Amino acid sequence: MSGANSLSEALELQSQLTQMLSSAGLVLRKWHSNCNELLNSIDSDMRLSNASLNIDNDDTVKTLGILWHSTSDVFYFKITPLSFEGPLTKRALLSTIAKTFDPLEWLSPITIQYKTIMQRLWKQQLQWDERVPPDITLEWEQLAKDVQLIKDIKIPRFLFVDSDNQFNLFGFSDASEKAYAAAIYCRSVSDTEKINVQLIIAKTRVAPLKTVSLPRLELCVVLLLVKLMDFTCKALNYPISQTQFYTDSTIVLAWVGSHASRWKTFVANRVAKIQTLSSATQWHHISGSANPADLATRGVSSSTLLTSIWLCGPKFLHETFPIQTDSSVPSLNDAVPEKKYCALQSTVVPNHLPEVNDLLHKFFSLSKLKRVTTYCLRFINNCRNSNDKIIGLLKTSELTNAMYTLIKSVQIVEFNNDINALKGNQSLSCRSKILSLNPFLDCSNILRVGGRLRHANLAYGHKHPILLPKRHILTDLIVRHYHEILLHAGTQLVQSCIQEQY
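Numbering follows the UniProt record's numbering, with no gaps: position 121 of the sequence shown is 121.
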């Protein structure tokens with residue numbers, strides 16, 4: 001089944017198809033068209049005979065399971081009566097529902113009622129040949145009376161697509177506690193400003209048996225809509241000016257308009273997929289009363305469907321551009337559900353305090369620097385361990401720990417590459433300034449000098465002195481401190497005492 005915008009294009013297409021299939025030994029027969037000129041160009045024995053025509057008149061043809069009236073060029077339906085003899089059972093109900101063939105789901109507002117009835121039967125765990133409960137039987141009888149009006153529903157085959165037309169697609173989605181639905185409409189504007197809007201395709205799903213929140217259902221149908229739009233664009237194979245999406249859920253708009261990582265897994269996975277098939281600027285808010293997809297989520301009668309916005313789309317699509325819609329993304333706040341809250345943990349690492357450099361330049365006495373650093377570390381400890389606070393006078397162990405903290409902070413800055421290599425059990429670079437000292441990290445991660453003195457009968461600090469940079473403010477403070485406590489002794493004595501530890 002195909003079509004063309006002109007008789008010449010249709011004749012060319014018919015000729016190409018015939019030749020291509022004939023080369024494979026296949027002969028196309030039963031040709032039919034809404035154009036008499038095209039039919040007259042085809043041999044009579046290749047055309048669809050009157051004996052093969054369906055139903056009430058000679059212009060009605062069954063095409064891919066759907067009735068096509070070639071003269072008026074519309075699709076329509078003729079539904080088998082839903083009544084039958086015998087008791088109404090689940091088996092009989094499903095058999096009758098299966099007779100309604102609607103591949104593009106143009107009758108979704110009607111057929112969704114069939115689906116929800118079947119789901120209710122499954123919830124009640126009825127056997128196949130068990131009689132349906134009275135309430136469902138009554139509801140089914142009402143549907144059976146209404147089904148005959150379906151024959152009055154007409155779907156135009158031709159989309160009014162021309163090379164000069166502006167052709168746009170608009171998708172709508174909605175969800176309820178019973179079902180969710182998506183519908184796509186085409187809007188074409190001719191060079192004479194004639195606007196044509198019609199339904200192309202729809203999809204419906206019953207809500208899952210497991211209870212799911214309404215915003216999650218709205219998100220599921222939004223994902224269904226973008227997939228359906230992607231399929232439609234590829235199937236039409238025609239340049240589309242723009243595609244727009246509409247939903248009445250502000251929560252879903254907030255989800256889609258922000259990064260997927262902000263939400264919990266269920267929402268994040270679907271938002272990521274939606275964002276790959278659409279952009280945030282394509283999404284708009286629409287009121288529930290103007291949303292045609294709302295009809296397919298709750299179900300309506302055939303008579304209501306004929307006069308509703310389902311077949312022709314909402315009113316604003318028939319207006320001249322620019323179409324006024326709310327395209328603003330709702331502001332995100334704490335009330336938006338499914339937000340993923342990240343627990344932020346702040347860890348204070350004593351051996352690399354960014355404030356150490358400020359302390360070194362602020363004090364000119366090593367003793368005062370150690371006391372201030374000790375109070376800083378005590379404050380950090382008391383904040384982290386409210387049940388084990390340290391109070392009272394400063395202890396020698398605290399002063400020693402403060403000195404080690406200062407040394408490690410300086411070493412990390414001055415010997416960073418060497419420390420990283422030692423932590424990774426790697427060899428030092430041949431360009432390292434301390435390579436000849438055979439350095440290592442002790443149990444406190446302080447960089448010390450190695451060598452053969454480790455076997456000597458000396459104090460640990462004598463065998464493995466701490467490494468300090470040659471020109472650094474901390475080194476100067478240490479030298480000045482020893483010079484003062486040794487009562488301004490000579491250079492050799494001061495150096496000898498310093499080298500007992502550094």
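All C-beta atoms in this analysis are idealised placements derived from N, C-alpha and C, irrespective of residue type, glycine included.
Since the structure is predicted, the reported quantities are computational estimates derived from the model, not experimental observations.
Taking 7 Å as the cut-off, the Cβ atoms of residue 206 and residue 115 count as close. By the neighbour-count criterion, in which a residue is buried when 16 or more other Cβ atoms sit within 10 angstroms of its Cβ, residue 405 is buried. Of the candidates 140, 12, 25, 460, 460 places its Cα closest to the Cα of residue 442.
Straight through space, the alpha carbons of residue 284 and residue 189 are spaced by roughly 21 Å. Per DSSP, residue 203 is one residue of the beta strand (DSSP E) stretching across 195 to 206. Scanning its chain for C-beta atoms nearer than 6 Å, with the 5 sequence neighbours on each side dropped, one finds around residue 112 the residues 179, 204, 296, 299, in chain order. Across the set 439, 400, 394, 425, the C-alpha of 439 shows the shortest separation from the C-alpha of residue 415. Collapsing the DSSP output to three states places residue 284 in a strand.
Within 10 angstroms of the beta-carbon of residue 291 lie 16 or more other beta-carbons, which makes it buried. Taking a contact as a CB-CB distance under 8 Å, the pair residue 274 and residue 169 does not count as one, their CB atoms being some 16 Å apart. In the three-state reduction of the DSSP assignment, residue 502 falls in the coil class. Distance between residue 184 and residue 424, taken at the CA atoms: about 59 Å. Ranked by Cα distance from residue 257, the options 280, 480, 93 are led by 280. Residue state for residue 473 is assigned as helix, using DSSP reduced to three classes. Residue 462 places its beta carbon 7 Å or farther from that of residue 449.
Counting the other CB atoms within 10 Å of its CB gives residue 9 a total below 16, which places it among the exposed residues. Counting the other CB atoms within 10 Å of its CB gives residue 210 a total below 16, which places it among the exposed residues. Runs of beta strand (DSSP E) with 3 or more residues, each lying fully within the region 206 to 254, are found at 242 to 247, listed in chain order.
Ranked by Cα distance from residue 225, the first of 251, 260, 277 is 277.
Residue 464: not part of any alpha helix (DSSP H); DSSP gives it neither H nor E. Counting along the chain, the unbroken beta strand (DSSP E) around residue 75 starts and ends at 74 to 76.
Less than 7 Å separates the beta-carbon of residue 186 from that of residue 159. Here residue 486 really is in contact with residue 497; their C-beta atoms are around 6 Å apart, less than 8 Å.
Secondary structure within the region 429 to 453: not one fully enclosed alpha helix (DSSP H) run of 4 or more consecutive residues is present. Between the alpha carbons of residue 212 and residue 73 lies a distance of about 43 Å.
Boundaries of the alpha helix (DSSP H) around residue 371: 366 to 384. Selection 26, 25, 33, 422 evaluated against residue 11 yields 33 as nearest (Cα-Cα). Between residue 121 and residue 90, the C-beta spacing is below 7 Å. Between the C-alpha atoms of residue 119 and residue 5 there is a straight-line separation of about 44 Å.
Ranked by Cα distance from residue 265, the first of 230, 219, 286 is 219. Of the candidates 96, 293, 255, the residue whose Cα lies closest to the Cα of residue 175 is 293.
For residue 395, there is no enclosing beta strand (DSSP E), as DSSP gives it neither H nor E.
Beta-carbon to beta-carbon, residue 246 and residue 313 are separated by about 11 Å, too far to satisfy the 8 Å threshold. Annotation: residue 315 to residue 309 spans about 8 Å, alpha carbon to alpha carbon.
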